[in-house]
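Before any comments, here is the structure.
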Amino acid sequence: MKKLNFFLLFLFAAVAIQAQVQSGTYFFDKSSKNYTLGDNEGKRIVEYEVTFNKPFETKPKVAIWASLLDASKSTQIRYSIEAKGVSRDGFVVLITTWGSTQLNGIGGYWIAEAEKLEIKKEEIKVGQTFQLNNVYFNFNKWDLLPESF
Numbered sequence: 119m120k121k122l123n124f125f126l127l128f129l130f131a132a133v134a135i136q137a138q139v140q141s142g143t144y145f146f147d148k149s150s151k152n153y154t155l156g157d158n159e160g161k162r163i164v165e166y167e168v169t170f171n172k173p174f175e176t177k178p179k180v181a182i183w184a185s186l187l188d189a190s191k192s193t194q195i196r197y198s199i200e201a202k203g204v205s206r207d208g209f210v211v212l213i214t215t216w217g218s219t220q221l222n223g224i225g226g227y228w229i230a231e232a233e234k235l236e237i238k239k240e241e242i243k244v245g246q247t248f249q250l251n252n253v254y255f256n257f258n259k260w261d262l263l264p265e266s267f
């Protein structure tokens, strides 16, 4: 019964954390506008702007990775991929290569995630009484100590 009361207390003061998530793909090759990763030598950069289908309520965290790489047979493969300028509305995929690396095409995936914090509240009526107890846990344990009840 005490555990049920404790659970109900937490239920009434619940904080619901939901995640907003969106994902997508990217792909660049020699037919893409301003694609320079397969030409010349030295540092070369290509950028692609991603706009989220629905803007996030808060600035998301973005993870991005490559799943396809088409490189010249005789080249050393050097590249970096970054998500730059992340905002609630989108971000920029920034791919860089350097040296003699010749990339004919590159593609991959991205995922954006932001926490949505929603606090639920229950009105306390005038004259209503309730007791808030301290909650005690063992170190590195999830179960409650008897002093919590």
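Take the position in the sequence shown, starting the count at 1, then add 118; the result is the number in our numbering. We put the beta carbon where it would ideally sit given N, CA and C, even for glycine. Predicted model, so just to flag it, every value in this text is computed and none were measured.
Would you kindly work out how many angstroms separate the C-alpha atoms of residue i and residue j, rounded to a whole number?
i	j	result
residue 225	residue 174	24 Å
residue 223	residue 148	7 Å
residue 247	residue 241	12 Å
residue 236	residue 214	39 Å
residue 234	residue 139	10 Å
residue 212	residue 263	51 Å
residue 261	residue 206	39 Å
residue 176	residue 238	19 Å
residue 157	residue 164	12 Å
residue 257	residue 151	58 Å
residue 255	residue 197	48 Å
residue 124	residue 245	Residue placement at residue 124 cannot be trusted, given a pLDDT of 49 that sits under 50; what the coordinates show is reported in the next sentence. Cα to Cα, residue 124 sits roughly 22 Å from residue 245.
residue 232	residue 210	17 Å
residue 249	residue 259	25 Å
residue 154	residue 208	23 Å
residue 186	residue 230	20 Å
residue 172	residue 243	39 Å
Using CA atoms only, rank isn't needed, just tell me which of the options is closest to residue i.
i	options	result
residue 200	156, 228, 254	228
residue 265	259, 258, 209, 253	253
residue 203	179, 151, 193, 162	179
residue 162	217, 192, 245	217
residue 251	172, 186, 267, 232	267
residue 193	208, 172, 186, 159	159
Kindly give me the distance between the Cβ atoms of residue i and residue j, rounded to whole angstroms, as I take these residues to be in contact under 8 Å.
i	j	result
residue 189	residue 221	5 Å
residue 219	residue 195	6 Å
Does any heavy atom of the ligand ADP sit closer than 8 Å to the C-beta of residue i?
i	result
residue 228	With respect to the ligand ADP, the structure shown offers nothing to examine, as it has no ligands at all.
Validate contact between the segment 163-173 and the segment 141-150 using beta carbons, cut 8 Å, 3 pairs: Yes, since at least three Cβ pairs between the segment 163-173 and the segment 141-150 fall closer than 8 Å, the two stretches touch.
Inside the segment 206-241 only - alpha helix (DSSP H) runs reaching at least 4 residues: Runs found: none.
In chain order, each alpha helix (DSSP H) run of at least 4 residues that lies wholly inside the segment 146-213: For the segment 146-213, not one full-length alpha helix (DSSP H) segment reaches 4 residues or more.
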